[in-house]
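What follows is one structure encoded as structure tokens, with my remarks underneath.
2 protein chains.
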Amino acid sequence: MPDPHPPRHSALREDLLAAAIVSVLLIPQSLAYALLAGLPPQVGLYASVLPLVAYALVGASSVNAVGPAAVLALMTLQAIAPLAGQVDPSVAAVVLAFEVGLLLALAAVLKLDALAALLSAPVLQGFSVGAAISIALSQLPALLGSPAHGVHLRALLRSWWEAAQAGPAVHLATAAFGLGSLALLLLARRHLQALAARWLSRDMAQLVARSAPLVVIAAAIGLAWALAAPSHGVAVVGRLPTLHVPLGLPMLDAGLWLALLPSAALLALVTFVSSFAVAERLGLQRGEHVDGRRELAGLAASNLVAGLSSGMPVGGSFSRSALNADAGARTRWAGAWTALFLAIAAVLLAAPLAWLPRTVLAATIVVPVLAAAEWKAFGFAWRYSRREALLMGLVAAITVLHTAEWALGVGVVISIALMLQHAARPHAALIGRVPGTEHYRNVERYATELTPGVLSLRIDESLLFVNARLLPGLVARRLDAFPDTRRVVLQMTPVNRIDLSGLEALSTLQSVLRERGIRLDLSEVKGPVLDGLRAAQWARWFTGRLYLSHHQAVRDEQGMAP
Amino acid sequence: MPDPHPPRHSALREDLLAAAIVSVLLIPQSLAYALLAGLPPQVGLYASVLPLVAYALVGASSVNAVGPAAVLALMTLQAIAPLAGQVDPSVAAVVLAFEVGLLLALAAVLKLDALAALLSAPVLQGFSVGAAISIALSQLPALLGSPAHGVHLRALLRSWWEAAQAGPAVHLATAAFGLGSLALLLLARRHLQALAARWLSRDMAQLVARSAPLVVIAAAIGLAWALAAPSHGVAVVGRLPTLHVPLGLPMLDAGLWLALLPSAALLALVTFVSSFAVAERLGLQRGEHVDGRRELAGLAASNLVAGLSSGMPVGGSFSRSALNADAGARTRWAGAWTALFLAIAAVLLAAPLAWLPRTVLAATIVVPVLAAAEWKAFGFAWRYSRREALLMGLVAAITVLHTAEWALGVGVVISIALMLQHAARPHAALIGRVPGTEHYRNVERYATELTPGVLSLRIDESLLFVNARLLPGLVARRLDAFPDTRRVVLQMTPVNRIDLSGLEALSTLQSVLRERGIRLDLSEVKGPVLDGLRAAQWARWFTGRLYLSHHQAVRDEQGMAP
Numbered sequence: 001m002p003d004p005h006p007p008r009h010s011a012l013r014e015d016l017l018a019a020a021i022v023s024v025l026l027i028p029q030s031l032a033y034a035l036l037a038g039l040p041p042q043v044g045l046y047a048s049v050l051p052l053v054a055y056a057l058v059g060a061s062s063v064n065a066v067g068p069a070a071v072l073a074l075m076t077l078q079a080i081a082p083l084a085g086q087v088d089p090s091v092a093a094v095v096l097a098f099e100v101g102l103l104l105a106l107a108a109v110l111k112l113d114a115l116a117a118l119l120s121a122p123v124l125q126g127f128s129v130g131a132a133i134s135i136a137l138s139q140l141p142a143l144l145g146s147p148a149h150g151v152h153l154r155a156l157l158r159s160w161w162e163a164a165q166a167g168p169a170v171h172l173a174t175a176a177f178g179l180g181s182l183a184l185l186l187l188a189r190r191h192l193q194a195l196a197a198r199w200l201s202r203d204m205a206q207l208v209a210r211s212a213p214l215v216v217i218a219a220a221i222g223l224a225w226a227l228a229a230p231s232h233g234v235a236v237v238g239r240l241p242t243l244h245v246p247l248g249l250p251m252l253d254a255g256l257w258l259a260l261l262p263s264a265a266l267l268a269l270v271t272f273v274s275s276f277a278v279a280e281r282l283g284l285q286r287g288e289h290v291d292g293r294r295e296l297a298g299l300a301a302s303n304l305v306a307g308l309s310s311g312m313p314v315g316g317s318f319s320r321s322a323l324n325a326d327a328g329a330r331t332r333w334a335g336a337w338t339a340l341f342l343a344i345a346a347v348l349l350a351a352p353l354a355w356l357p358r359t360v361l362a363a364t365i366v367v368p369v370l371a372a373a374e375w376k377a378f379g380f381a382w383r384y385s386r387r388e389a390l391l392m393g394l395v396a397a398i399t400v401l402h403t404a405e406w407a408l409g410v411g412v413v414i415s416i417a418l419m420l421q422h423a424a425r426p427h428a429a430l431i432g433r434v435p436g437t438e439h440y441r442n443v444e445r446y447a448t449e450l451t452p453g454v455l456s457l458r459i460d461e462s463l464l465f466v467n468a469r470l471l472p473g474l475v476a477r478r479l480d481a482f483p484d485t486r487r488v489v490l491q492m493t494p495v496n497r498i499d500l501s502g503l504e505a506l507s508t509l510q511s512v513l514r515e516r517g518i519r520l521d522l523s524e525v526k527g528p529v530l531d532g533l534r535a536a537q538w539a540r541w542f543t544g545r546l547y548l549s550h551h552q553a554v555r556d557e558q559g560m561a562p
Numbered sequence: 001m002p003d004p005h006p007p008r009h010s011a012l013r014e015d016l017l018a019a020a021i022v023s024v025l026l027i028p029q030s031l032a033y034a035l036l037a038g039l040p041p042q043v044g045l046y047a048s049v050l051p052l053v054a055y056a057l058v059g060a061s062s063v064n065a066v067g068p069a070a071v072l073a074l075m076t077l078q079a080i081a082p083l084a085g086q087v088d089p090s091v092a093a094v095v096l097a098f099e100v101g102l103l104l105a106l107a108a109v110l111k112l113d114a115l116a117a118l119l120s121a122p123v124l125q126g127f128s129v130g131a132a133i134s135i136a137l138s139q140l141p142a143l144l145g146s147p148a149h150g151v152h153l154r155a156l157l158r159s160w161w162e163a164a165q166a167g168p169a170v171h172l173a174t175a176a177f178g179l180g181s182l183a184l185l186l187l188a189r190r191h192l193q194a195l196a197a198r199w200l201s202r203d204m205a206q207l208v209a210r211s212a213p214l215v216v217i218a219a220a221i222g223l224a225w226a227l228a229a230p231s232h233g234v235a236v237v238g239r240l241p242t243l244h245v246p247l248g249l250p251m252l253d254a255g256l257w258l259a260l261l262p263s264a265a266l267l268a269l270v271t272f273v274s275s276f277a278v279a280e281r282l283g284l285q286r287g288e289h290v291d292g293r294r295e296l297a298g299l300a301a302s303n304l305v306a307g308l309s310s311g312m313p314v315g316g317s318f319s320r321s322a323l324n325a326d327a328g329a330r331t332r333w334a335g336a337w338t339a340l341f342l343a344i345a346a347v348l349l350a351a352p353l354a355w356l357p358r359t360v361l362a363a364t365i366v367v368p369v370l371a372a373a374e375w376k377a378f379g380f381a382w383r384y385s386r387r388e389a390l391l392m393g394l395v396a397a398i399t400v401l402h403t404a405e406w407a408l409g410v411g412v413v414i415s416i417a418l419m420l421q422h423a424a425r426p427h428a429a430l431i432g433r434v435p436g437t438e439h440y441r442n443v444e445r446y447a448t449e450l451t452p453g454v455l456s457l458r459i460d461e462s463l464l465f466v467n468a469r470l471l472p473g474l475v476a477r478r479l480d481a482f483p484d485t486r487r488v489v490l491q492m493t494p495v496n497r498i499d500l501s502g503l504e505a506l507s508t509l510q511s512v513l514r515e516r517g518i519r520l521d522l523s524e525v526k527g528p529v530l531d532g533l534r535a536a537q538w539a540r541w542f543t544g545r546l547y548l549s550h551h552q553a554v555r556d557e558q559g560m561a562p
């Protein structure tokens, strides 16, 4: 196995190279995500400098590329848009980022990293698809040069309807820039790498394909300059303010903080879940354990700093993190170098960037966002579990038709309900010995031998309140078919936990069986479960025997008192 | 084993005897529970006639004694008291009963009997204790002759404080009747049976002890008559209206129905859970399977009829059902006979009952309610699970200090959170062979043998969204100690279900292991789990082997393709 941690001295060179590549991608992304969130483009640059340094100082993953991200920008838009009349969006975005940072810090202190588990795979995948569609739809007016805008589909359609009545719904020059660059980007993504590979090496071909967006952006800038596009009504990025990041405390307004709190909580959850998933996956490939609490702390620091430096909520970006890892980043300092390169480039490139049509930025968002969405997840889910597939579809639909917050909230509640529903109706198997082994399996699925007088059952669930009441009835129904039973032996391997309700059910089962002259025995009770039973002094009421293996239990060999 | 179903011809005589005994208990209880709910005493009688006949026609259990019950009366009080200014309590009680009936009928049609599982043992036991204290406190003013009243502790204390400022907080003559009968009932419950057993047979002694409340009531009636108690300010039951049950549709007022709906939903849940628990327990002892949906239908019919016949919400009473079973009831018709005897007795005994001081009825409630509460449950829970014990205490406290509805709501939410929390942090055991057997157990708890190159793990939880993300990390950490591993074998007996998130985690684990040159195999995958995996065509991506038993997996014998 190759050593995953070669000596440190070469890390600087590799980090610098990765940072250079990532920062090239980050410049247009940061501008575009700020526009997506309904903020001035420079906010995206502000969010891409100091927050990256903060993550490098505190964060857990060596490859996680922090900064503005597409889904977070969409959620930021939906959070701050309802307050548009009362407070400047940039002010609201700063408060939101600071609140996200505070909540992540609180989660790190209270060890709440397990809360990430609330977002199940179908919810995340449905959300991914729904958010991609929402983002693409939100960029459609910009692509076509329409002034329409809206937080979700209904608002967008209403705004578009109003705009269409006031004047032309499409601005032809803008649409030419937008749809032209969209077509080029789609073609490049589909065919460029294969085409380039005919003449170039595989690595070079990949590099060419990856730099397509840069070429499109450079060409658009040149064309806009040559045609004096702004004088034809094409909106351009415009002269960015000189990059000295405005520092300051977020506005201390209790009403504003309270209004943004629910959105901040969901943003914090999504930020952590999406960043941690990428960091952990890339980490496992590199033989690196990413610590959840430290990742929380790193993301908390980034967002707090974003809130202090006129930024917007930030998190790990899937596309940039993967690029970072591919490009050979070795330590978290690659992120800090990325910030430095971005700052230098923003200063040097301010003049040409001013000519970049905003519609081209919209095109550069739409293509990768639609490509990264997990479109195939639904078909896969449908084959495995209809209910989870429907949940996925519902979450996607709510994300598109309403808001990300509602979609995630409904998704979490339904995930829990589905889990409870399964746990509430356990599968109960009558088990028999697989001939020639000491192994016991379901008599309905395998050829097995039964031992007369002994009823062997395996209840395939932990004994918890959601199912405990069923236990005596399940056993009693099995007994109807075996009236000569003298012992019931429960194989306890599937029982991972017994809660108070389960303990009561076990005691009820024992007394019901005893009234019929039948002894209740247990086999293969797991260590932690047995510890709990002993702590509760179950020997006071449990009168059966315990066996290390089910085979011994059926033969009644080496039984122990409780 | 004795035949649990002896021939039918003798059932009538036994049912009649049980009915006679139960109806004697039911008369004072029905009056007292109506007063507890803040209703005129005759409402209790109305709720004890036709609803019992409805249950006999539709219900599931042969021994469940339906009618007014203490906890349901408390919840009825809390539901209708806030509407006191707007609508007559009797009218509200009728609407409430009808709504409870409709919801139970809906639950029966939609097969929602599994919802009963939402109330875990700690919630039910905490509620039982809290409700007993609440009921006892609510009867305290009646026992002492104070006009104070209140839905919960705060209202009661405030009302008492106001009453104490307006006049004497205790009415001496009433308190003499109340506390006197309370003392006699407590003494009888503690000592009478043992005392009587010195001279009488065991059965006769039990009969004497059980009839103590009747003797106290009869003596109180006689004393109240002899001393002309009402003229000294002692409140008596008074002349009940002739028992012809007023029939009629409940008031059709959308606002009232809507206001009572949340209370009706929780009353329906508590009615079903408490009645079904008693019916099922008594049924199992008699070798009788009580069907949940049919029990829902029976309780629905009783409550609908209670709503049509000027009654109040009804359910199975634990004390009367146990008495019914003890007294030898054989069929559901014992309930109908009980209703008949009650109707006859109410007519014949109307004259003496009119003299019964209400304070004595309060005493007859307080003693059995306090005795039946599960006081010892807390100590038992504390030894087994601190968290569940604290939940129990919290539910009891909210029941006493606030309302039953809040207590149950908070209890359900915390029960689910505790369950998720446990599932989110699975126990992972490194397992080895118990020498001389084909059985594999935790190497930290048993003397076991390991096979070089093979890492055997048992993840003690279903692979669900709440824990799935941890799986690759858990396995990776175990690998650190065994760098020479060539195969990882997961023993799947504790895995009762794999959801979509779990499936994804399994696939991630496999690809992470493959990058390290390690094969992932599974042993003892249960039938339903394997069916699901095959339906999702996992053979497309799973490259390991499947083994019937873990012993075969470790020896790599008889491995199957997925």
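These protein sequence lines are chains A and B, in that order.
Residues 1 to 562 in full-length UniProt numbering are what the first sequence lists, from first letter to last.
Residues 1 to 562 in full-length UniProt numbering are what the second sequence lists, from first letter to last.
Where a beta carbon is used, it is the ideal one built from N, C-alpha and C, also for glycine.
Keep in mind that this is a model prediction, so the values were computed, not measured.
Within-7 Å CB hit, residue i to chain B
| i | result |
| --- | --- |
| residue 579(A) | This structure does not reach residue 579(A), given that chain A is present from 1 up to 562, and the question cannot be answered. |
| Val-466(A) | yes |
| Ser-120(A) | yes |
| Leu-104(A) | no |
| Leu-449(A) | This sequence places Glu at residue 449(A); Leu is not what is there. Not closer than 7 Å to any Cβ of chain B, the Cβ of Glu-449(A) fails to qualify, so no. |
Whether residue i touches residue j by CB criterion (7 Å)
| i | j | result |
| --- | --- | --- |
| Ala-279(B) | Ser-61(B) | yes |
| Ser-309(A) | Leu-50(A) | yes |
| Ser-146(B) | Leu-342(B) | no |
| Pro-28(A) | Thr-338(A) | no |
| Leu-500(A) | Ser-385(B) | yes |
| Val-123(A) | Gly-315(A) | no |
| Ala-428(A) | Leu-474(A) | yes |
| Met-392(B) | Ala-407(B) | no |
Residue i classed as buried or exposed, judged by whether at least 16 other C-beta atoms fall within 10 angstroms
| i | result |
| --- | --- |
| Arg-198(B) | exposed |
| Gly-335(A) | buried |
| residue 564(A) | What the structure shows of chain A is the stretch from 1 to 562, and residue 564(A) is not part of that stretch, so it cannot be assessed. |
| His-5(A) | With a pLDDT of only 47 at His-5(A), under the threshold of 50, the placement of this residue in the model should not be trusted; the figure read from the coordinates follows. The residue in question, His-5(A), is exposed, as its Cβ has fewer than 16 Cβ neighbours within 10 Å. |
| His-289(B) | exposed |
| Lys-526(B) | buried |
Paired residues, beta bridge with residue i - DSSP
| i | result |
| --- | --- |
| Tyr-440(A) | Arg-433(A) |
Selection from the options that minimises the alpha carbon distance to residue i
| i | options | result |
| --- | --- | --- |
| Ile-459(B) | Val-488(B), Thr-448(B) and Leu-106(B) | Val-488(B) |
| Thr-174(B) | Ala-142(B), Gln-537(B), Val-529(B) and His-149(B) | Ala-142(B) |
| Ile-76(B) | Gly-222(B), Val-58(B) and Val-43(B) | In the sequence as displayed, the identity of residue 76(B) is Thr instead of Ile. Cα-wise, what sits closest to Thr-76(B) is Val-43(B). |
| Gly-307(A) | Leu-103(A), Arg-281(A), Ser-415(A) and Gly-559(A) | Leu-103(A) |
| Arg-358(A) | Ala-561(A), Val-236(A), Ala-327(A) and Leu-522(A) | Val-236(A) |
| Leu-269(B) | Ala-300(B), Pro-250(B), Gln-285(B) and Leu-258(B) | Ala-300(B) |
Min CB distance residue i to chain A below 7 Å
| i | result |
| --- | --- |
| Leu-500(B) | yes |
| Pro-472(B) | yes |
| Glu-461(B) | yes |
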